[in-house]
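Notes follow once the structure below has been shown.
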Amino acid sequence: MVGFALVGCSGSAGISKRNPDYFGAKERDGALSGVYNPAGFSSAQVRKLVGTLCQDKRLEGFSEARSDGLVAWKTGCANGVRSEVGFVEFQRIDGSREIMVETTGSNDNGHLVYTRQKVKL
C-alpha cells in the first residue's frame, strides 16, 4: 500500500516533504488517497480535513503507513465521495489553524469544477 500511495501521489509527496503545511489527495474509483508530513499535520487533523470530501463527512476504513518521513493514507467515505472531487490540495494558511482546501474535479455532466474553501482545525 505504501508504494502505491507514494508513487500514486509522488508530486504532492514531494511538496509535502519540502512543505509540511501542505498535502494533496486524489479520488480514484471511490477511494481517497494521499501523503502527508507528520511535522505539519496530525492523523486526526488529516482525517477531519479529508472528511470534508465525503458526502456526509464520514470516513470509512482509514489506513496509514509511514515511509521516508511521510505518512501515506487511504480511505473511503461512508456514503460516497462528493461528486466534484478529483484532486485536492490542503494548505495551512500562514501557520494558523485555518486550512485552504482547493478541489479540482468534474461534475455529473463532465464539466470542470474548481472549489475553494477555508476549514478551521
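Heads up: take any position in the sequence shown, counting from 1, add 9, and you land on this note's numbering. All residues carry an ideal CB built from backbone N, CA and C; glycine is no exception.
When secondary structure is reduced to three states using DSSP, Arg56 falls in the helix class. Inter-residue distance for Gly78 and His120 is about 37 Å (C-alpha atoms, whole angstroms). Boundaries of the beta strand (DSSP E) harbouring Glu111: 107-115, taken from the DSSP string. Shown here, Arg75 sits in a strand according to DSSP, grouped into three states.
Proximity of the segment 80-88 to the segment 108-117 falls short of the contact definition, fewer than three beta-carbon pairs being nearer than 8 Å. Residue pairing by DSSP places Phe99 opposite Phe32, Val110 in a beta bridge.
Counting along the chain, the unbroken beta strand (DSSP E) around Ser42 starts and ends at 40-45. Selection Pro47, Ser42, Gly39 evaluated against Arg27 yields Pro47 as nearest (Cα-Cα). With fewer than 16 other beta carbons inside 10 angstroms of its own, Ile102 counts as exposed. Considering only Asp65, Val59, Lys66, Arg67, the residue with the shortest C-alpha distance to Ser42 is Val59. Judged by their CB atoms, Tyr31 and Gln100 are nearer to each other than the 8 Å cut-off.
The beta carbons of Met109 and Arg91 sit about 17 Å from each other, so the pair does not count as a contact at 8 Å.
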